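Enquirer:
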Amino acid sequence: MRHILSILLENEAGALSRVVGLFSARAYNIDSLTVSTTEDPTLSRMTIVTHGSDEVIEQITKQLNKLIEVVKVIDLNESDHIEREMMLIKVRANGKDREEMKRMADIFRGRIIDVTEKTYTIELTGTSDKLNAFIEAIDRSVILETVRTGASGIGRGERILKI
Amino acid sequence: MQISGAEILVRSLQEEGVEFVFGYPGGAVLEIYDAIFRQQQFKHVLVRHEQAAVHAADAYSRSSNKVGVALVTSGPGATNAVTGIATAYMDSIPMVVISGQVSTPAIGMDAFQEVDMVGITRPCVKHNFLVKDINELAATIKKAFYIAASGRPGPVVVDIPKDVTQRLAEFHYPESVSIRSYVPVTRGHPGQIKKAVNLLAEAKRPYIYVGGGAVQGNASAEVTELVKMLGVPCTNTLMGLGAYPGQDQQFLGMLGMHGTYEANMAMQYCDVLIAVGARFDDRVISVPSHFLSQPKKIVHIDVDPSSIAKRVKVDVPIVGDVKHVLRDMIDLLKQTGQQVPPQNLANWWKQIEEWRSYNSLLYTPSNEFIKPQYVVQKLYEITGGDAIITSDVGQHQMWAAQYYPFKRPKQWLNSGGLGTMGFGLPAAIGAQLANPDAQVACITGEGSIQMNIQELSTAKQYHTPVKVIALNNRYLGMVRQWQEFFYGTRYSESYMDALPDFVKIAEAYGHVGIKVENPADVEPVLREAFSPALKERLVFLDFRTDQSENVFPMIQNGKGLDQMDLPPHMRDLQIAPFENNRDYGNMC
Chain A
0 MRHILSILLE
10 NEAGALSRVV
20 GLFSARAYNI
30 DSLTVSTTED
40 PTLSRMTIVT
50 HGSDEVIEQI
60 TKQLNKLIEV
70 VKVIDLNESD
80 HIEREMMLIK
90 VRANGKDREE
100 MKRMADIFRG
110 RIIDVTEKTY
120 TIELTGTSDK
130 LNAFIEAIDR
140 SVILETVRTG
150 ASGIGRGERI
160 LKI
Chain B
0 MQISGAEILV
10 RSLQEEGVEF
20 VFGYPGGAVL
30 EIYDAIFRQQ
40 QFKHVLVRHE
50 QAAVHAADAY
60 SRSSNKVGVA
70 LVTSGPGATN
80 AVTGIATAYM
90 DSIPMVVISG
100 QVSTPAIGMD
110 AFQEVDMVGI
120 TRPCVKHNFL
130 VKDINELAAT
140 IKKAFYIAAS
150 GRPGPVVVDI
160 PKDVTQRLAE
170 FHYPESVSIR
180 SYVPVTRGHP
190 GQIKKAVNLL
200 AEAKRPYIYV
210 GGGAVQGNAS
220 AEVTELVKML
230 GVPCTNTLMG
240 LGAYPGQDQQ
250 FLGMLGMHGT
260 YEANMAMQYC
270 DVLIAVGARF
280 DDRVISVPSH
290 FLSQPKKIVH
300 IDVDPSSIAK
310 RVKVDVPIVG
320 DVKHVLRDMI
330 DLLKQTGQQV
340 PPQNLANWWK
350 QIEEWRSYNS
360 LLYTPSNEFI
370 KPQYVVQKLY
380 EITGGDAIIT
390 SDVGQHQMWA
400 AQYYPFKRPK
410 QWLNSGGLGT
420 MGFGLPAAIG
430 AQLANPDAQV
440 ACITGEGSIQ
450 MNIQELSTAK
460 QYHTPVKVIA
470 LNNRYLGMVR
480 QWQEFFYGTR
490 YSESYMDALP
500 DFVKIAEAYG
510 HVGIKVENPA
520 DVEPVLREAF
530 SPALKERLVF
540 LDFRTDQSEN
550 VFPMIQNGKG
560 LDQMDLPPHM
570 RDLQIAPFEN
580 NRDYGNMC
């Protein structure tokens, strides 16, 4: 099953490689990983999307907690949460495709952020599923490139990950 | 007053009360060695290979309650240390390894003797640091010692660039350390402890399984008290040997791949299992599904939450320092007066005594060939069971574990997790320095000893009169055993054709060497080696042992605890399968 883990860790050189190294050393999966400094510059917050059985997810959580620089780990799946991913997708926008791409971007509440004679670059935000759905919905042959941030997640309401 | 980084390091080690630093100099650590030269507080032990420095520091720690310290230079010095670091990591040994690094501007430039030590050791350390700022050096050393020794212990690497050792700064050693992201648990949850006690009070076939965590956690007294007050059987893992006294009637011997018949059968057929600082390792329970096919309730006490429910799901996890948790369990038992129902216990012991009566460690004595088991038994007799024993890895290691019933914790030092050949001799040196008055013997084989034989030179320099007990069967014995069993006796590269004359080697290094070929000579030669006349000497005993001897019992890969390959004398016995509700007749 897919799980989305939120990790608060010390903003120190090498902390990221410890986390990534742990996943490869113990043969866990990383579907996506995103990390950046928080409002407290001494802390980074990482979101990892992974999948595995309940036992594997439990081990991942414990092993992450064991890393000295990891301050806190929560499995967002355990309760209500919101997740968002951002994608920049560059598409061919020629002739009749041009109208169609504009319409599709609007339907998915995307924004066209760069325009040339032959291309659009669309910014799209949503759950990973929504981004996948957009890719499915348009003609594959018009896609020139895509770049995705990976999912970021946060608990709903009063559920707060902080020290 | 400002002092150099090297002096700050030395002062920090002094503050930590370090007695010995095991190391080897080189370019990146010259400044540190100069600072060591100018101080008298701790001693430096010059090994002959960096791997040995780490093993010696490791065994110094294993045989005491202190953190071992090793010091190596950058590049090859650092990579040579890695095997030793991984060895300590697998066995949770507290250690601080200081490695030199090229100067900070040279990092990443593929400089001479540069290696990414922090990167290389990341998967095999509890934590590691690269100190780029001299002002953080003292605090980093403080943290390193704290992290190494607290919680589940382990090695910590501190990588120090040369320019950091040369720069100047004020020295302030922090009095205490607190790391917000690292807060080890000590006390177990009272509710869980209560559940564990309740399970015991209803147990039919209780069993206590004790691992290295009880040794490292100094919980031997608590283990012994609990086992005694409950009257239940107890087993130790390879790493746990000595945590419960090996000669006691309630001790069933070591369990696992080469465990005794009774220890393994009890593990398979117990109904309430208390695991204390042990981790259901593949060499202990073999296949988890087979182990769990016999229903049992499992209580797992461990300081490391990630050890719990890793290979085996448990019913009552208790995270905490085993010493504290066991103390709380004992107190609760005393308070409530709960005990294992006596009738159940009596039946269980009848079954166990039946298993024990087969004497699975029996071997066929010989007047012609020296039996390795016999050498270990005689060693036990002659040392009064009091020696600190180190071992290498292979058949000799298992025979040492089986035939030397350790009396106390920290008496048996071996590389259980990583299985590092070459551990034994440097470990013996480290243990002797930590315990100058103890008898220290290294049980080894002719294969393993050659992986760090250069340390005979270190032993000479530092007057560590350890006794090397080489069980020399001219084979890489455990490899040969597997080839005999599983590879149609095709002994691929397991025979050593050009062995050196170990007596001459010992003598060349300035020690005493004795070759023993006749079984009748085993006892007198051992007596001589441990006699007052040779008390101050390292004695290398080259026992030419029976080449065909195998280690039994043995659990093959993929088999369960109750599916052991048995020693020859047990193979024709009609052993009744375990029955859950067997009538054991009248109790005595």
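Chains A and B, in that order, are what the protein sequence lines are. Residue numbering for the first sequence follows numbering that gives the first Met the number 0, starting at 0 and increasing by one per position. Residue numbering for the second sequence follows numbering that gives the first Met the number 0, starting at 0 and increasing by one per position. The C-beta atom is built at its ideal place from N, Cα and C for all residues, glycine as well. If you're wondering where the values come from, they're calculated on a predicted model, not measured in any experiment.
Assign B/Y181 to one of three DSSP states: helix, strand, or coil.
Expert: Note: B/Y181 maps to strand in three-state DSSP.
Enquirer: Would you check if the stretch 130-148 of chain B and the stretch 157-169 of chain B touch, i.e. whether three or more CB-CB distances between them fall below 8 Å?
Expert: As far as the Cβ criterion goes, the stretch 157-169 of chain B touches the stretch 130-148 of chain B, which means the pair count is three or higher.
Enquirer: Count the other C-beta atoms from every protein chain shown that fall within 10 angstroms of the C-beta of B/E261, then say buried if there are 16 or more, exposed otherwise.
Expert: Answer is buried; the Cβ neighbour count reaches 16.
Enquirer: Can you tell me which residues form a DSSP beta bridge with B/R543?
Expert: Per DSSP, B/N471.
Enquirer: So B/F21 packs on B/V46, CB below 8 Å; how close in whole Å?
Expert: That belief holds up - the Cβ atoms of B/F21 and B/V46 are roughly 6 Å apart, short of 8 Å.
Enquirer: Cβ closer than 9 Å: which chain A residues qualify as neighbours of B/I146?
Expert: The contacting residues are I67.
Enquirer: Could you name the residues that DSSP lists as bridge partners for B/N127?
Expert: Partner(s): B/V156.
Enquirer: CB-CB under 8 Å to B/G559, same chain, minus the five flanking residues each way: which ones, in chain order?
Expert: Excluding residues within five positions, the ones whose Cβ falls inside 8 Å are Q267, S285, V286, H289, F290 and S292.
Enquirer: Specify the secondary structure class of B/N235 as computed by DSSP and reduced to three states.
Expert: DSSP places B/N235 in strand when its eight states are reduced to three.
Enquirer: Per DSSP, A/D251 forms a beta bridge with which residues?
Expert: Here chain A comprises residues numbered 0 to 162, so residue 251 of chain A is not present and cannot be evaluated.
Enquirer: Taking the DSSP output, what are the residues bridged to A/M86?
Expert: For A/M86, which the question treats as bridged, DSSP gives the partners A/L123 and A/R147.
Enquirer: I need the DSSP call for B/K503, collapsed to helix, strand or coil.
Expert: Note: B/K503 maps to helix in three-state DSSP.
Enquirer: Is the Cβ-Cβ distance between B/V68 and B/A56 less than 7 Å?
Expert: The answer is yes: Cβ separation under 7 Å.
Enquirer: What residue from A/T41, A/A26 and A/R91 has the CA that sits closest to A/V114's CA?
Expert: Closest option to A/V114, Cα to Cα, is A/R91.
Enquirer: Residues in the same chain with beta-carbon distance under 8 Å from B/I452, minus the five sequence neighbours each way, listed in chain order, please.
Expert: Within the same chain, B/I452 has close Cβ partners L424 and I504.
Enquirer: Suppose you measure from the CA of A/D177 to the CA of B/S91; what does that come to, to the nearest Å?
Expert: There is simply no residue 177 of chain A to check, as chain A begins at 0 and stops at 162 in what is shown.
Enquirer: Select from B/L455, B/Y172, B/S359 and B/E527 the residue whose C-alpha is nearest the C-alpha of B/G252.
Expert: B/G252 has its Cα closest to that of B/S359, out of B/L455, B/Y172, B/S359 and B/E527.
Enquirer: For a test of the three-state rule: what should DSSP assign to A/S52, helix, strand or coil?
Expert: Coil, per DSSP.
Enquirer: Looking only at DSSP bridge pairs, what is B/A274 linked to?
Expert: The partner list for B/A274 (beta bridge, DSSP) reads B/Y208 and B/H299.
Enquirer: Is the distance from the Cβ of B/Y208 to the Cβ of B/A277 below 7 Å?
Expert: For B/Y208 and B/A277, yes; Cβs fall inside 7 Å.
Enquirer: Please state whether DSSP places B/V66 in a helix, a strand or coil.
Expert: In the structure shown, B/V66 sits in coil (DSSP, three-state: anything other than H, G, I, E or B).
Enquirer: Mind listing the chain A neighbours of B/V311? Cutoff is C-beta to C-beta under 7 Å, in chain order.
Expert: In chain order: nothing, as chain A lies at least about 10 Å away.
Enquirer: What are the start and end residues of the alpha helix (DSSP H) that includes A/S16?
Expert: Unbroken alpha helix (DSSP H) run through A/S16: A14 to A24.
Enquirer: Interface residues of chain B around A/S16 at Cβ under 8 Å?
Expert: Those are G118 and R121, listed as they occur along chain B.
Enquirer: Identify, in the order they occur along the chain, each residue of the same chain with its Cβ nearer than 6 Å to the Cβ of A/R139, setting aside the five sequence neighbours on each side.
Expert: Excluding residues within five positions, none has a Cβ falling inside 6 Å.
Enquirer: Are any of the Cβ atoms in chain A nearer than 7 Å to that of B/P304?
Expert: So, interface residue.
Enquirer: In terms of residue numbering, what span does the beta strand (DSSP E) encompassing A/D113 cover?
Expert: Unbroken beta strand (DSSP E) run through A/D113: R110 to V114.
Enquirer: Below 8 Å on the Cβ atoms is my guess for B/A265 versus B/P232; work out the distance and round it to an integer in Å.
Expert: The pair is a contact, with the Cβ atoms about 6 Å apart (cut-off 8 Å).
Enquirer: Using the Cβ count rule (16 or more neighbours within 10 Å means buried), how would you classify B/I381?
Expert: Flag for B/I381 reads buried.
Enquirer: Does any CB atom of chain A fall closer than 7 Å to the CB of B/Y181?
Expert: Yes - at least one Cβ of chain A is within 7 Å of the one on B/Y181.
Enquirer: Sort out for me which residues DSSP pairs B/S390 with in a bridge.
Expert: DSSP output for B/S390 lists B/I442 as bridge partner(s).
Enquirer: Within 7 Å of any Cβ in chain A, is that where the Cβ of B/M586 sits?
Expert: Here the model assigns B/M586 a pLDDT of 44, short of 50, so the residue's position is not dependable and the matter cannot be decided.
Enquirer: What's the C-alpha gap between B/G258 and A/K129?
Expert: One C-alpha to the other measures close to 56 Å.
Enquirer: Using Cβ-Cβ distances below 9 Å, what residues of the stretch 281-301 of chain B are close to chain A?
Expert: So nothing in the stretch comes that close.
Enquirer: Give the straight-line distance between the Cα atoms of B/S3 and B/A168, rounded to the nearest whole angstrom.
Expert: Their Cα atoms are separated by approximately 6 Å.
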